[in-house]
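See below:
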């Protein structure tokens, strides 16, 4: 599409989508400053010119991911099904327990008692990459002309999230730090906690993770670990798109680092991490070998690709 003003249908779709998002958010969640900033940015980019409009449309799967995550606050998962607190803890201990003088410990409990500054710093760096690095990789695909691979990656990223969010409602589960702080009783509305990542904040004085986790209104969304799913999805498409060895190596190292950090920092059990990896693989397989075999869906993706390619 040429760099020109959007046609009427495009304008209506953009305005309608933004209005719906802001209305639902205002009614059921409440505005935060970033909502307004994001709405203004999307609106401006959509109408500036063709290239920025195509970029907004290309980033739609990531916008939908963010909105979907935010809208889970409308009906928290602990209101839908009972929260698994002790069962998951005991299963982790039976499968991956570590013998110690104090008895059998989960890996999280072991790391809580055995940590060091170097590992704390590395853990913080790895966990800061969980969403930014896949998005940067996606933008790299997009701006280097690999539009089709970019769109497949972005849509699988969204699908993996939707699968994970669905399971959060089917089986709400508490993270390891919750057990350490609150025991086995699930208390709705318990605030989020920075857990082992607080050591990174203390070391650097940045307060990044405290800011992120203080705003987590639903702590019972630990299984699967979607932190553990994002960079593997990017790694799959780095390989499929024949990206450079540097990209593949970085994504592989960061994926392993995030898996380790999830357990080291007491944000997830090993079970959560394994389920997160499985969720990434399931989302990829469902999209590429399921949805893309459906004629109307494949044609939609092809049309979408042509639009954002220009």
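In our numbering, the protein residues as written are 6 to 315.
The beta carbon of each residue, even a glycine, is placed where N, CA and C say it ideally should be.
These numbers come from a predicted model, not from an experiment.
Rounded to the nearest angstrom, what separates residue i and residue j at their Cα positions?
i, j, result
"residue 243", "residue 252", "7 Å"
"residue 217", "residue 132", "12 Å"
"residue 246", "residue 144", "13 Å"
"residue 310", "residue 56", "14 Å"
"residue 154", "residue 118", "44 Å"
"residue 168", "residue 256", "22 Å"
"residue 303", "residue 297", "5 Å"
"residue 97", "residue 29", "39 Å"
"residue 120", "residue 182", "15 Å"
"residue 70", "residue 235", "12 Å"
"residue 315", "residue 308", "11 Å"
"residue 313", "residue 215", "37 Å"
"residue 254", "residue 213", "26 Å"
"residue 39", "residue 13", "28 Å"
"residue 88", "residue 280", "17 Å"
"residue 2", "residue 41", "Only positions 6 to 315 of the chain appear in the structure, and residue 2 is not among them; the question remains open."
"residue 31", "residue 300", "38 Å"
"residue 106", "residue 134", "36 Å"
"residue 210", "residue 142", "28 Å"
"residue 241", "residue 151", "14 Å"
"residue 79", "residue 102", "37 Å"
"residue 8", "residue 136", "For residue 8, the predicted structure reports a pLDDT of 46, less than 50, and the residue's modelled location is therefore unreliable. The matter cannot be settled from this model."
"residue 108", "residue 192", "27 Å"
"residue 250", "residue 35", "44 Å"
"residue 65", "residue 15", "14 Å"
Our contact map puts residue i next to residue j with C-beta atoms below 8 Å; I'd like the distance itself, whole angstroms only.
i, j, result
"residue 130", "residue 67", "Residue 130 to residue 67, Cβ: 22 Å. No contact."
"residue 226", "residue 93", "No, residue 226 and residue 93 are not in contact; Cβ-Cβ is about 13 Å, not under 8 Å."
"residue 282", "residue 248", "Not a contact, Cβ separation roughly 20 Å."
"residue 320", "residue 205", "Look at the range of the chain in this structure, 6 to 315, and you will see that residue 320 is not part of it."
"residue 146", "residue 306", "Their Cβ separation, rounded to whole angstroms, is 15 Å, which puts residue 146 and residue 306 out of contact at 8 Å."
"residue 77", "residue 170", "6 Å"
"residue 187", "residue 228", "At roughly 17 Å, the Cβ-Cβ gap does not stay under 8 Å, so residue 187 and residue 228 are not in contact."
"residue 239", "residue 158", "7 Å"
"residue 259", "residue 100", "Not really, about 25 Å apart at Cβ, beyond 8 Å."
"residue 47", "residue 23", "7 Å"
"residue 104", "residue 208", "Rounded, the Cβ-Cβ distance is 30 Å, inconsistent with contact."
"residue 160", "residue 294", "With a Cβ gap of about 14 Å, residue 160 and residue 294 do not count as contacting."
Got a sec? Which residues, its chain only, sit under 7 Å from residue i by beta carbon, not counting five neighbours each side?
i, result
"residue 189", "90 and 91"
"residue 124", "269"
"residue 237", "260, 282 and 285"
"residue 82", "173, 174, 177, 223, 225 and 226"
Below 6 Å CB to CB, which residues in the same chain sit around residue i once its five sequence neighbours on both sides are set aside?
i, result
"residue 272", "180 and 200"
"residue 85", "174"
"residue 262", "131"
Can you give me the Cβ contacts of residue i inside the same chain, cut-off strictly under 8 Å, excluding the 5 residues immediately before and after it?
i, result
"residue 265", "128 and 131"
"residue 195", "183, 187 and 224"
"residue 6", "Confidence is the limiting factor: at residue 6 the pLDDT is only 40, short of 50, which leaves the residue's position unreliable and the question unanswerable from this model."
"residue 198", "182, 183, 186, 218 and 224"
Between the Cα of residue i and the Cα atoms of the options, which residue gives the shortest distance?
i, options, result
"residue 231", "50, 182 and 284", "284"
"residue 4", "135, 95 and 122", "Residue 4 is absent from the structure shown; the chain starts at 6 and stops at 315."
"residue 11", "31, 50 and 208", "50"
"residue 25", "13, 73, 280 and 52", "73"
"residue 396", "33, 142, 27 and 35", "Within the shown structure, residues of the chain are numbered from 6 to 315, placing residue 396 beyond reach of any answer."
"residue 267", "202, 250 and 15", "202"
"residue 37", "65, 108 and 75", "75"
Checklist entry - Are the region 282-297 and the region 152-168 in contact at 8 Å, needing three or more beta carbon pairs? => result Judged by pairs of C-beta atoms under 8 Å, the region 282-297 touches the region 152-168, as three or more such pairs exist.
Next on the checklist: With a threshold of 8 Å, are at least 3 pairs of Cβ atoms found where one atom belongs to the region 46-63 and the other to the region 15-27?
Outcome noted: The count of Cβ pairs closer than 8 Å, one atom from the region 46-63 and one from the region 15-27, reaches three, so the stretches are in contact.
Next on the checklist: Is it the case that the region 94-112 contacts the region 272-282, given that we only count it when at least three CB pairs across the two stretches are under 8 Å?
Outcome noted: A contact exists between the region 272-282 and the region 94-112.
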